[in-house]
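Visitor:
Numbering (my numbering), first residue to last: 67 to 222.
#1: When you compare the CB positions of residue 85 and residue 133, do they come within less than 8 Å of one another, or not?
#2: Expressed to the nearest angstrom, what Euclidean distance is found between the alpha-carbon atoms of residue 92 and residue 188?
#3: Could you compute how far the alpha carbon of residue 136 sits from the alpha carbon of residue 124?
#4: Tell me the DSSP secondary structure of residue 181 in three-state form.
#5: Hey, does residue 81 have any beta-carbon neighbour from chain B nearer than 8 Å?
#6: Please go through the region 71-99 and give each complete alpha helix (DSSP H) segment of 4 or more residues, from N-terminal end onward.
#7: Is residue 211 helix, strand or coil by DSSP?
#8: Report the residue from 110, 193, 71 and 142 whose alpha carbon sits nearest the alpha carbon of residue 131.
#9: By how many angstroms is the C-alpha of residue 106 removed from the C-alpha of residue 222?
#10: Quick one, are the C-beta atoms of residue 67 and residue 197 less than 8 Å apart?
#11: Of all the options 78, 182, 199 and 87, which has the alpha carbon lying nearest to the alpha carbon of residue 120?
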C-alpha cells in the first residue's frame, strides 16, 4: 500500500510524526488555553472517556498518515499521475477543519465554542464523538482519493 511506502520515506515520515505530535499534544494545549487546571482536566478526561480518547488517537494518527502520503505523492509525481490530489487534499483539510471547529480532543470545546452560547457548546462537547467520527471518515476518504490504499506500482 502506498501509505506504508509513504511512512518508509524519511521526509514524509518525519513530517507525519510532526503532524501527529502537533494534533495529539499541541492542539489540546492551545484549545485549553495553557491553563494548568485545564490541562489537568484534559488528561483526566482522556482517562475517563476511552471512546473519545481512542477516536482522538485515531484522528491524530490518520492526520499524520495523510500528511506523510501527501508529501510522498508530491515528492514522487511520476507515481501519482492519476491521484486526485486536489480532491484528496480538500477533503482532508475539511476533516481537519470540522475536527478543530467542534473540538476533536475529548476535553476541548473547540473554536465554535467561543462564539456559540454555553448550552450549544456543551452539546457539541457531549456529542463530539459524532463529529470525530465524521472527521475520521473524511480523513479516510482523503487517503483513498490520494490512492493511499492501493498497491504502489513502482519497485521502490
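A virtual CB, placed ideally from N, CA and C, is assigned to each residue, including glycine.
Everything numeric in this text was worked out from a predicted model, so none of it was measured.
Guide: This is what the structure holds:
#1: yes
#2: 22 Å
#3: Straight-line Cα distance between these residues: approximately 18 Å.
#4: coil
#5: Of the protein chains in the structure, only one exists, and it is not chain B.
#6: Runs found: 76-87 and 93-98.
#7: Collapsing the DSSP output to three states places residue 211 in a helix.
#8: 71
#9: The pLDDT assigned to residue 222 is 49, lower than 50, so where the model puts this residue is not dependable; a value taken from the coordinates is nonetheless given after this. Computed Cα separation, rounded: 45 Å.
#10: It is not a contact, given that the beta carbons lie outside the stated cut-off.
#11: Checked all of 78, 182, 199 and 87; the closest Cα to residue 120 is 199.
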